[in-house]
DNA sequence: CCAATAAGTGTTTTT
DNA sequence: CACTTATTGG
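Residue numbers (the numbering used here): 90 to 840.
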């Protein structure tokens, strides 16, 4: 770790160094970078592809490279664009660049989507994008599609809105508008084209852009407007891309437009960490980079600074099962480290208890802090068991993702008022708040209002003729529109917190929540107010529309400023880019991980495998994998087999333990878990799982051999066709072929 | 038009 | 299980 002087001293240093004109030589690249990293930072003669293994310091390379470009190559910070995929990553990179250069630099370090949105805001006129567009999220997108499907008078059961929204996104990833999608036979489902066409028209009419549009409209715009393209090429003289393996076709095309085929681009990626195929990411981009950019240089980073060798060996062994890789050999100087531990609990709650207990042990006996430890899972729903157990055992935790703050109903409502004030064509927002709180403007009335305004191309407060609504509703609508006009006139030039106070006051929204006893929601709305206030303090001249822009693009936003020393509960997808001394990966069951909806094709399984690889390589010191025999999901308990991935780990590097639940239904009474008088976790039973030496390993049914006839409690009769390393392959009489870990499988020999 | 209630439903990952 | 949508009666 580099020593960081206190802020006041930093300023003094900076002033002295700048005055002496030696600021440029104050970064000791050689001291903090290894030889491959140095090469990646210094090389600028042609396009550069950095293949950076997990934990090999890729963020470090990007931050030092930005510093190098500014200090050594005399590039103006404004001429540099660095793109990442998540806000988390871009914030971290910003912090690291600023602290390296000891000054807040004016480099654009943004996500793809926010960079595109910013460009479209500033110079949308070049790309036929109207100003003041509203960015819609996935929920909005689906509800628009749902409405289209209903209007088409087709059954939303067979024509699922979510599915069509998904297809629209994928088409945009491939740079197809509705017409082109049809010409190119993008889908075999002809209804899709009708839906996409109407959707496209509706968004255009209401001046809405979905996430895909941000990239699509900009890329399309660059193809059609040379002036705009030149302006941008002039502005961005060097582009750096993080997590390049996650780019989709549209994003890659955008990059190719903005850069020269012979230089000024550096992409950093790892084909083994591509986990966003489901949203159009093309792992092939990383493979075709060398073809598209002539004379490009490839630098591999293979020294890992994060994990012990055992973790690297095990994860490499796993990922070696994938095909289509460059291949790499990660190594570390940190030494062997401990074995990976695997535990299968009886129920999902037992699994959480096992992890909770380990966490307490590690904290009280091994000196780990809560914030050193993280639990990863495949889907957000799995966090429930941990929340339940952790809160009863007083283990502080923070959930990343999950129910997001800005996706809460009350927050979206308040934002909808503001979005509508900015964009009077935004039907989605209008429908959201027209009758919240109830003011006698129901669906029919809104329909009538929309028909004579938005659908005819007028803002909602203006119409060419009388609006045909029931006479009893006229005064109600009129007073709503009066309020609306007042808000609209204030929205661009009122101090945002002031604006919110007026909104709360005149809409009656908070009063309504209070009347309904929605205390939690009231608190959240005030929380939003606090966020706006804080934002306004930090960005004095910004209007509310900039705040909204930020939160629209910061879907998973979390603030760990006040969340110190908590265990992280996080999905594997969100865990990318993070690292923890201790990592638990929960739910290692077939159907959960790999997830049963992820598909059965080799490509899908490979992506799931990469996801596990990402998870494992987050661990610095200790890694646990856990599973439950019985998992309660949507009310029902289901028994599942172990994830096949468990069998893909090198057996000699894993210690297998087993923990059992108390009773047959896997339920644990509340009062059986708790903290005892000395402040330690009190377990329900004595330790049943085995120690780390694995000596007490009880071999179950050791006599099971090839060609034995066996009976499985659930799958019935079958024949053993293979036994190796404690794993048996059994071919059941109904034709099913399955693998089992003998130690945990209740098998009887058939007499 | 609205609130309450009943029925039903669908379950991944994210910008 | 938890959440959305449909139905009903006021």
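Beta carbons: idealized from backbone N, C-alpha and C, even for Gly.
By the 16-neighbour rule on beta-carbons within 10 angstroms, residue 504 is buried. Residues 138, 385, 387 of the same chain have their beta carbon placed closer than 8 Å to that of residue 379, with the five preceding and five following residues left out of the count. Taking the Cα positions, residue 142 is about 10 Å away from residue 357. Collapsing the DSSP output to three states places residue 358 in a strand.
In the three-state DSSP reduction, residue 736 falls in the helix class (H, G or I).
Spanning the alpha carbons of residue 456 and residue 463 requires a straight line of approximately 15 Å. Given a length threshold of 3 residues, each whole run of the beta strand (DSSP E) inside the segment 357-406 is given here in chain order: 386-390. In the DSSP assignment, residue 436 falls within the unbroken beta strand (DSSP E) covering 429-436. DSSP, read as helix, strand or coil, puts residue 724 in coil. Residue 228 counts as exposed, since fewer than 16 other C-beta atoms from the protein chains shown sit within 10 angstroms of its C-beta.
If you draw a straight line from the Cα of residue 654 to the Cα of residue 704, it comes to about 21 Å. Where residue 206 is concerned, there is no enclosing beta strand (DSSP E), although the alpha helix (DSSP H) around it starts and stops at 201-212.
Taking C-alpha positions only, residue 413 is separated from residue 699 by approximately 12 Å. A check of alpha carbon separations from residue 410 across 361, 592, 286, 161 identifies 361 as the nearest. The beta carbons of residue 678 and residue 732 sit closer together than 8 Å. For residue 270, the uninterrupted alpha helix (DSSP H) run begins and ends at 267-272, by DSSP. Judged by their CB atoms, residue 714 and residue 431 are nearer to each other than the 8 Å cut-off. Nearest C-alpha to residue 242 among 230, 641, 280: 280. For residue 468, there is no enclosing beta strand (DSSP E), since its DSSP letter is neither H nor E. By the CB criterion at 8 Å, residue 511 and residue 625 fall outside the cutoff.
Counting of Cβ neighbours within 10 angstroms places residue 641 among the buried residues, the total reaching 16 or more.
Comparing alpha-carbon positions, the option among 826, 284, 408 lying closest to residue 233 turns out to be 284.
Three or more beta-carbon pairs separated by less than 8 Å are not found between the segment 370-379 and the segment 390-399, which leaves the two stretches without contact. The bridge partners DSSP lists for residue 821 are 807. Remark: C-beta atoms of residue 178 and residue 196 do not approach each other more closely than 8 Å.
Between the beta-carbon of residue 565 and that of residue 530 there is about 6 Å, and that keeps the pair under the 8 Å contact cut. At the C-beta level, residue 707 and residue 669 come within 8 Å of one another.
Contact between residue 264 and residue 205 fails: their C-beta atoms lie close to 13 Å from each other, not under 8 Å. Straight through space, the alpha carbons of residue 725 and residue 513 are spaced by roughly 46 Å. Annotation: the continuous alpha helix (DSSP H) that includes residue 509 extends over 498-511.
Residue pairing for residue 715: DSSP places it in a beta bridge opposite 432. The beta carbon of residue 190 lies closer than 6 Å to those of 156 in the same chain, with the five residues before and after it left out.
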